[in-house]
Amino acid sequence: MIATTPIGTKGSMPHHMEYWLPPSGRLLFANSHHHEDILLLDIHDPLHVAIEKRIRPPAPLRFPHDFYRLPNGNVLVGFLRSEGPSPRAGDKTFPGGPGGIAEYDASGRLLRRASAAADTREPVRVYALTMLPKIDRIVTTSAAMMEESAADVVQVWRYSDFKLLHTIPVPPGVNRDGSVALTAAHAPFALRALANGNVLVSTYGCGLNLLTGVTSSTPQIRNVYTFDADEPKGPGEYRGACAVPLILRDKLWLMPVGGRSTLVTLDISDLSHPRERSRLLLPHGFAPHWLARDPASDRLVLCAHNGGQQGFFILKIDERTGHTSFDDSVHVAGSSAGYIDLTSQRWPHGRTGPGWAHSALFLPAEYKPETASLR
């Protein structure tokens, strides 16, 4: 570890940030979950990352979670909750009102906000979002993060006026043997827009679903693939723990399957019949969660699901085949190839215990660290 920037608080559980680096000169949006802060980070000098600004949630929204950079430089932010009790009877989450979305300009100035409240038994918790700028639509998912309940739905919004148009239940999964996997519909999680205007939606329960007709009066969602996963063993547990995917050229879908300690690559060139291209088995106990790509090389970074897994992997991918492998050029004695252990790092800012890497991005290749000064 060559540089760190303390954020000035403890126990904040930094969680999500943008999935791709912002354009040069823009601030990177990230969150500090427990403290409900949005952090705007100046990353132009990666060895001296600075917190340029902190933003509090715009009332009544609470708990910012996901970020999506728009073509105009603005950023959409998803919020899991709002002020007040949960609309679900008996739900002890407080504040537990339904989530929502907001738009900020690139400097962090609030432009507008909207509630995701809908006629559902469970409250809608906006977990992730994507934008389809050519057709004036936003699509969001709903999943609990630390809440008791969440509706298993996706929502379609009109971007121009922030109007919520549709709230659509996610269907059960269908296993390869034709059996139904009811719990594969639980916790609609990540989503990626396709070039044709459709949207792929994955669930934490390991279902992969195709949303079509986004601009129509009746958008449709159907299950197109269900990843092999163990069924939940009790209340509060989820099937599979499929997490933050990576999509490449609308042809490959890379899915971290936390419950199986596996990274699965699907060929999605035929969305009616996705098929597995490869799978990478990770060390037992490492539950993969966040996946990002270096746009300048064939490297990936794969981070862990939760605490207790203090480290992350650098992988390589062959885009022709979808095959992934450990980057054996990153190899520390006593660790698996490609693994960067955070349990025994000597932090530049001082001794503050082991770290937990939950989300990560590669920095621009043109930056030359050998020309920078270290603090």
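Heads up: the sequence shown begins at 129 in the working numbering, then just goes up one per residue.
Think of the CB as a built atom: it goes at the ideal place given N, C-alpha and C, for glycine as much as any other residue.
Spatial distance of residue i from residue j (CA atoms)
| i | j | result |
| --- | --- | --- |
| V329 | R265 | 15 Å |
| H477 | L410 | 31 Å |
| N200 | I183 | 20 Å |
| R377 | D398 | 13 Å |
| L167 | V372 | 21 Å |
| D456 | F157 | 32 Å |
| L208 | W148 | 21 Å |
| R427 | Q348 | 35 Å |
| V281 | G368 | 18 Å |
| M530 | P360 | No statement about residue 530 is possible, as the shown extent of the chain runs from 129 to 503 and does not include it. |
| N159 | H193 | 7 Å |
| G224 | T248 | 14 Å |
| G212 | P188 | 9 Å |
| H511 | H401 | In this structure the chain extends from 129 to 503, so residue 511 is not present and cannot be described. |
| G362 | T311 | 12 Å |
| P497 | L491 | Because P497 carries a pLDDT of 45, less than 50, the predicted location of this residue cannot be relied on, and no value is offered for it. |
| L374 | T480 | 32 Å |
| A415 | R304 | 24 Å |
| R503 | A131 | Its pLDDT being 24, under 50, R503 is placed unreliably in this model, and the value from its coordinates should be taken loosely. Distance between the alpha carbons of R503 and A131 is about 8 Å. |
| R221 | A242 | The sequence as given places Thr at residue 221; Arg does not occur at that position. C-alpha separation (whole angstroms): 21 Å. |
| Y366 | V458 | 33 Å |
| M259 | P185 | 21 Å |
| R448 | N337 | 24 Å |
| R272 | S152 | The residue you asked about is not Arg; residue 272 is Ala in the sequence shown. Roughly 33 Å separates the two Cα atoms. |
| I442 | S464 | 11 Å |
| S214 | S270 | 14 Å |
| K444 | D289 | 42 Å |
| D219 | A278 | 10 Å |
| G301 | D358 | 13 Å |
| H433 | A420 | 14 Å |
| T137 | W475 | 16 Å |
| G462 | V429 | 20 Å |
| V352 | S345 | 22 Å |
Beta bridge counterpart(s) of residue i as assigned by DSSP
| i | result |
| --- | --- |
| D395 | L380, R403 |
| W285 | I266, L292 |
| Y232 | V203, L238 |
| H451 | D446 |
| A321 | V327 |
| P316 | T331 |
| T340 | Q348 |
| L310 | None, per the DSSP bridge assignment. |
| M129 | Per DSSP, none; premise fails for M129. |
| F414 | BP columns for F414 are empty, so no partner. |
| V429 | A420, I442 |
| T258 | V267 |
Beta carbon proximity, residue i to chain C, threshold 8 Å
| i | result |
| --- | --- |
| R216 | Given the protein chain composition of this structure (a single chain), no chain C is represented. |
Own chain partners of residue i with C-beta closer than 7 Å, once the 5 adjacent residues on each side are dropped
| i | result |
| --- | --- |
| H412 | S389 |
| C431 | H417, W418, F440, A485, H486, S487, A488 |
| P150 | L156, R197 |
| A323 | D378 |
| P297 | D280, V281 |
| E146 | L156, F157, F195, R197 |
| R154 | G201, A234 |
| H314 | D280, T331, Y332, G333, Y366, R367 |
Contacts around residue i, its chain only, beta-carbon distance under 6 Å, and the 5 residues preceding and following it disregarded
| i | result |
| --- | --- |
| T471 | Q438, P482 |
| P134 | H477 |
| P261 | P199 |
| L408 | L391, T452 |
| A500 | In this prediction, A500 scores a pLDDT of 39, lower than 50, which makes its location untrustworthy; no coordinate-derived value is stated. |
| T340 | N326, Q348 |
| G236 | L168, K181, I183 |
| M383 | C370, P373, V392 |
| D422 | F490 |
| T343 | I263 |
| H161 | M141, H143 |
| D165 | R182 |
| T295 | A246, V281, Q283 |
| V203 | F157, F195, R197, Y232 |
Neighbourhood of residue i by C-beta distance below 8 Å, restricted to the same chain and skipping five residues each side
| i | result |
| --- | --- |
| K379 | D395, I396, S397 |
| Q473 | M129, P482, G483 |
| E404 | V392, T393, L394, D395 |
| V460 | Y467, I468, D469 |
| V177 | A131, T133, L169, D170, I171 |
Inter-stretch contact at 8 Å, needing at least 3 Cβ pairs: the segment 221 to 229 / the segment 273 to 286: yes
Cβ pair count under 8 Å reaching 3, the segment 254 to 270 against the segment 307 to 320: yes
Are the segment 245 to 252 and the segment 172 to 181 touching, with three or more C-beta to C-beta distances below 8 Å? no
In chain order, what are the residue ranges of uninterrupted beta strand (DSSP E) at least 3 long that sit wholly in the segment 157 to 201? 165 to 170, 178 to 183, 189 to 197
In chain order, what are the residue ranges of uninterrupted beta strand (DSSP E) at least 3 long that sit wholly in the segment 465 to 492? 467 to 469
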